[in-house]
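I have placed the structure first, in the form of structure tokens, so that the comments after it can refer back to it.
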Amino acid sequence: RIEPKDGDGSLIEVSGQGRSVRVGRHVRPELRPALAREIRMALRSG
529 RIEPKDGDGS
539 LIEVSGQGRS
549 VRVGRHVRPE
559 LRPALAREIR
569 MALRSG
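Pasting the structure below:
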């Protein structure tokens, strides 16, 4: 699962199999939704 942690502009939480990690700290908040989409696409094609 890939989703914003707390809403717009927040870090992105990537979780699965009982583990989670937050990413995007060094990405501008307005670009994080695009980063989340790219991560989703990469995981689906991988």
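Take the numbering used here: the last position of the sequence shown gets the number 574, and nothing is skipped along the way. Here a beta-carbon is modelled for each residue, glycine too, at the ideal position from N, C-alpha and C. In this text the structure is predicted, and so the values were computed from the model without any measurement.
Neighbourhood of residue i by C-beta, 8 Å cutoff - its chain only, sequence neighbours within 5 removed
i: V549; result: E541, V542, S543
i: R641; result: Residue 641 is absent from the structure shown; the chain starts at 529 and stops at 574.
Cβ pair residue i, residue j closer than 9 Å
i: G559; j: V551; result: According to the sequence as given, residue 559 is Leu; it is not Gly. No. Outside cutoff.
i: I530; j: R556; result: no
Euclidean distance between Cα positions of residue i and residue j
i: R572; j: L563; result: 14 Å
i: P532; j: G546; result: 17 Å
i: G574; j: R565; result: 14 Å
Same chain only: Cβ atoms within 7 Å of residue i, ignoring 5 sequence neighbours per side
i: A570; result: none
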